[in-house]
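For the sequence shown, position 486 matches number 486 in UniProt numbering, and the numbering has no gaps at all. Glycine is no exception: its CB is placed at the ideal position from the N, C-alpha and C atoms. All figures in this text were calculated on a predicted structure; none of them were measured in a lab.
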Amino acid sequence: MPFWSQLPRELQLQIFEELIYDRERRPEHHVLAKCASVCRSWQDEFEPEVFKKLCLSQSCLPKFRSIVGGTKKYRLEYIRHLWLRVRLNKYNCKVCQKAEDAKTIRKNCITFTNAVWNLLKILSTWDSEQEPQTSRGIPYGLELEMSVHSPSDNEHVFRPLCLADHCPYTNWHNLIRDDAEIVRLHDELSTLHDPPHGWTNGSHAIPNPSGSTSGNPSGRDRLLGTTPLDFNFSNVPHQCGPGSSRKRTLPVVPLVRRFTVRRSTFRGFSPRVLFRLLHESFAEITELRLEKWMELYADQQTEYRQEFQRLLHVHGLPKSLKELYLVEESSTALHPSDTSSGRSALGFQLARHSRGLEKLSISWNTDAAGFFQEYFRDRWDAASPISRARAPWADLTALTLTCSKLQPGDSSVRKPQRELLRAACVAARLMPRLELLEIWNCGDDSAALFEFDMREDKSKPPLITWMTTWQSRFTAKDKVFECWRKLARERDPEGREPDVNVFTIALPSEERQSKWGLRLFLSEQILHLKSSEQITWEKESTEA
Numbered sequence: 001m002p003f004w005s006q007l008p009r010e011l012q013l014q015i016f017e018e019l020i021y022d023r024e025r026r027p028e029h030h031v032l033a034k035c036a037s038v039c040r041s042w043q044d045e046f047e048p049e050v051f052k053k054l055c056l057s058q059s060c061l062p063k064f065r066s067i068v069g070g071t072k073k074y075r076l077e078y079i080r081h082l083w084l085r086v087r088l089n090k091y092n093c094k095v096c097q098k099a100e101d102a103k104t105i106r107k108n109c110i111t112f113t114n115a116v117w118n119l120l121k122i123l124s125t126w127d128s129e130q131e132p133q134t135s136r137g138i139p140y141g142l143e144l145e146m147s148v149h150s151p152s153d154n155e156h157v158f159r160p161l162c163l164a165d166h167c168p169y170t171n172w173h174n175l176i177r178d179d180a181e182i183v184r185l186h187d188e189l190s191t192l193h194d195p196p197h198g199w200t201n202g203s204h205a206i207p208n209p210s211g212s213t214s215g216n217p218s219g220r221d222r223l224l225g226t227t228p229l230d231f232n233f234s235n236v237p238h239q240c241g242p243g244s245s246r247k248r249t250l251p252v253v254p255l256v257r258r259f260t261v262r263r264s265t266f267r268g269f270s271p272r273v274l275f276r277l278l279h280e281s282f283a284e285i286t287e288l289r290l291e292k293w294m295e296l297y298a299d300q301q302t303e304y305r306q307e308f309q310r311l312l313h314v315h316g317l318p319k320s321l322k323e324l325y326l327v328e329e330s331s332t333a334l335h336p337s338d339t340s341s342g343r344s345a346l347g348f349q350l351a352r353h354s355r356g357l358e359k360l361s362i363s364w365n366t367d368a369a370g371f372f373q374e375y376f377r378d379r380w381d382a383a384s385p386i387s388r389a390r391a392p393w394a395d396l397t398a399l400t401l402t403c404s405k406l407q408p409g410d411s412s413v414r415k416p417q418r419e420l421l422r423a424a425c426v427a428a429r430l431m432p433r434l435e436l437l438e439i440w441n442c443g444d445d446s447a448a449l450f451e452f453d454m455r456e457d458k459s460k461p462p463l464i465t466w467m468t469t470w471q472s473r474f475t476a477k478d479k480v481f482e483c484w485r486k487l488a489r490e491r492d493p494e495g496r497e498p499d500v501n502v503f504t505i506a507l508p509s510e511e512r513q514s515k516w517g518l519r520l521f522l523s524e525q526i527l528h529l530k531s532s533e534q535i536t537w538e539k540e541s542t543e544a
């Protein structure tokens, strides 16, 4: 039998590739970690794959520090995606349907703060000025994903499949979709009998013994959190010594290039946490994706939007940020109250502070009418060139927004739609590199999409699309599209007339009721890929 060193390099690489593929099929076996310990040459081959994707809870951080600390910090360069899953304390049935008290809120904030601080301290040891020690020339930069939950969140009133221990996408050992496991988890719920938590032979009615809509005896507080998490540094040693009154500054981590919070985490953190991370820690961030669930009560959500708006006005967005994806998730079971106030003002601030972005997608956080409010006819002088009166979005190539005005109705509904599309076109003239603009709406048994697309092969003319689930009065030759035709002709290198498509789609009823029913029709990735897949398998498992 020949020794490993005697094998041709081509055969060695084939064996490496087979072992890496085996890890994708059986990640729970930790194949690559074992291979990396065989010898130094194997370590060089497999360590980049071992560290490529990591999922850590706060209990893992001391060991993680020892693995990537000191002379081994070069391993940080291998990480492409690091998911911090912060685990809060468990709770029992005595409190599962009660709001969190002040002591619990404080403990949760301290747990969250300690976990974030300790991870940032570890990642901050990597220096962007140091000579790269990896032999593969891998460009530095990782995606940091963050989620917060209690192990009890899936044991009481609500049983989200995405929080189940063996559910796909809860850690990096089960990223491969297993349809059988998804169906098994759903089958367990379909027969669950737990009356105290509202489950009767698989059917679920949220318990509310008091019958009050102002209180919350239903368990939503425990899933979403009574208040957003905030930083509490009580248990974090101060760099200036005990008792110092100086404000703690978060460790600077240039290694983080993308920051992600997916919709699978129900418990959110305050805007203060987000803006401190963006402006104190993530010095070279290029992409932010925040898929946040709305706050539990309407006044809390209004306060959250106002605080976000205030901090955005004061601090703006980091200059390094190029892609921003915001999602405001909700459900009728978790959010019975109206929480729509404050969206217009937030849209105005986002428009003002997004001039340096290349891609921007905002779904439900604000309304397109608020984003474009400066460009409606009563806000600008049509006789003056709009480009001289407003700062341009010089680098923006893609813009996707939701808009509640896109719904069926008579002329009183169509008029605001026309005004919105004209205002959007005025703003688009300030976007010289714009390739894609999408405005859409879905839910309440209807869906609509307006799309301006210049991304196609240059052999084809630009494309303008108006798609609805109802019989629209707009036609391809409607005046509402004339300004867009003109813009397309001006932007097209050959000055060609764009294709204008106006049509009705037959969307299934369950998709028209869902706020994400149009997600597969949208060109831009408004949701994280794993979030979109999660919605798909949740729907398919229900049907199965």
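Quickly, what does DSSP pair Ser55 with across the bridge? List them, please. Here residue 55 is Cys; the residue named in the question, Ser, does not match the sequence. Paired residue(s): Trp83.
Alpha carbon to alpha carbon, what distance is there between Glu533 and Ile206? Cα-Cα distance, rounded: 27 Å.
Alpha-carbon spacing of Pro462 relative to Val502, whole angstroms: So the alpha carbons of these two residues sit roughly 14 Å apart.
When DSSP labels each residue in this structure, what does Val95 get in the three-state scheme? For Val95, the three-state secondary structure derived from DSSP is coil.
Extract the residue ranges of the beta strand (DSSP E) inside the stretch 214-297, only unbroken runs of 3 or more that lie entirely within it. As far as the stretch 214-297 is concerned, its whole beta strand (DSSP E) runs of at least 3 residues are 256-261 and 287-293.
Ser446, DSSP secondary structure in three states: In the three-state scheme derived from DSSP, where H, G and I count as helix and E and B as strand, Ser446 is classed as strand.
Excluding sequence positions up to five away, which residues of its chain have a Cβ less than 8 Å from the Cβ of Glu419? Phe376 and Arg377, listed in sequence order.
Could you work out which residue in Arg75, Lys73, Tyr74 and Arg85 is closest to Ser59 when comparing CA atoms only? Distances from the CA of Ser59 to each of Arg75, Lys73, Tyr74 and Arg85 were compared; the closest alpha carbon is that of Arg85.
Going by alpha carbons, who is nearest to Arg262 out of Trp293, Leu255, Cys109 and Pro392? Nearest in C-alpha terms to Arg262, of all of Trp293, Leu255, Cys109 and Pro392, is Trp293.
Buried or exposed by the 16-neighbour rule on C-beta atoms within 10 Å, applied to Leu520: That one is exposed.
Cβ-Cβ distance between Leu88 and Asn108 below 8 Å: Yes; because the gap between Cβ atoms is below 8 Å, this pair is in contact.
Who are the Cβ neighbours of Ala391 in its own chain at under 6 Å, not counting the five residues just before and after it? Cβ within range, chain order: Arg355.
Is it buried or exposed, Ser331, if we count other Cβ atoms within 10 angstroms and call 16 or more buried? Classified as exposed, Ser331 has fewer than 16 neighbouring CB atoms from the shown chains inside 10 Å of its CB.
Please name the residue or residues paired with Glu328 in a DSSP beta bridge. Answer is Lys292, bridged to Glu328.
Excluding the 5 residues flanking Leu296 on each side, which residues of the same chain have their C-beta closer than 6 Å to its C-beta? Setting aside the 5 residues that flank it on each side, Leu296 is surrounded in the same chain by Arg220 and Leu224, each with a C-beta closer than 6 Å to its C-beta; the list follows chain order.
Can the beta-carbon of Leu56 be found closer than 8 Å to that of Glu291? The beta carbons of Leu56 and Glu291 sit no closer together than 8 Å.
Exposed or buried, Ser218, counting other C-beta atoms within 10 Å across all chains shown (16 or more means buried)? Burial is judged here by how many other beta carbons sit within 10 angstroms of a residue's own beta carbon; Ser218 has at least 16 and is buried.
Between the C-alpha atoms of Leu449 and Ile535, what's the straight-line distance to the nearest angstrom? Roughly 20 Å between the two C-alpha positions.
Counting C-beta neighbours from all protein chains within 10 Å, is the total for His193 16 or more, i.e. buried, or is it exposed? Flag for His193 reads exposed.
Determine the DSSP secondary structure at Leu529, reduced to helix, strand or coil. It is helical.
For the beta strand (DSSP E) containing Leu144, list its first residue and its last residue. Looking at the DSSP string, the run of the beta strand (DSSP E) that includes Leu144 is Leu142 to His149.
For Phe362, which of helix, strand or coil comes out of DSSP? The sequence shown places Ile at residue 362, rather than the Phe named in the question. Under the three-state reduction of DSSP output, Ile362 falls in the strand class.
Beta-carbon proximity list for Asp492, same chain, < 7 Å, skipping 5 on both sides: Pro461 and Pro462.
DSSP three-state call for Val157: helix, strand or coil? In the structure shown, Val157 sits in coil (DSSP, three-state: anything other than H, G, I, E or B).
Whose CA, out of Thr71, Tyr74 and Lys63, lies closest to the CA of Leu119? Distance from the Cα of Leu119 is smallest, within the candidate group Thr71, Tyr74 and Lys63, for Lys63.
Nearest to Thr125 by alpha carbon, out of Phe112, Tyr91 and Lys73? Answer by Cα proximity: Lys73.
May I have the straight-line CA-CA distance separating Ser150 from Arg429, to the nearest angstrom? Each residue's alpha carbon lies about 48 Å from the other.
Can you have a look at Gln301 and say buried or exposed, based on whether 16 or more other CB atoms are within 10 angstroms of its CB? Classification of Gln301: buried, given that the 10 Å Cβ count is 16 or more.
Mind reading off the beta-carbon distance from Leu357 to Lys322? Whole number of angstroms is fine, and I expect it under 8 Å. The C-beta separation of Leu357 from Lys322 comes to about 6 Å, placing the pair in contact by the 8 Å criterion.
Do residue 554 and Leu82 have their C-beta atoms within less than 8 Å of each other? The structure shown has nothing for residue 554, since the chain only spans 1 to 544.
Have a look at Gln525 and Lys90 and give me their C-alpha separation to the nearest angstrom. Taking C-alpha positions only, Gln525 is separated from Lys90 by approximately 35 Å.
So, helix, strand or coil for Ile505, using DSSP? Three-state result, Ile505: coil.
Environment of Gln471 [buried if 16+ CB atoms lie within 10 Å]: Exposed, since its Cβ has fewer than 16 Cβ neighbours within 10 Å.
Helix, strand or coil for His197? Go by DSSP, reduced to three states. Here His197 sits in helix by DSSP.
Taking DSSP as the reference, what is the three-state secondary structure of Ile439? DSSP, reduced to helix, strand and coil, places Ile439 within a strand of the structure shown.
What does a CB cutoff of less than 6 Å around His156 pick up in its chain, not counting 5 residues either side in sequence? Take His156, set aside five residues on each side of it, and the residues of its chain with a beta-carbon closer than 6 Å to its own are Cys96, His197 and Gly219, in chain order.
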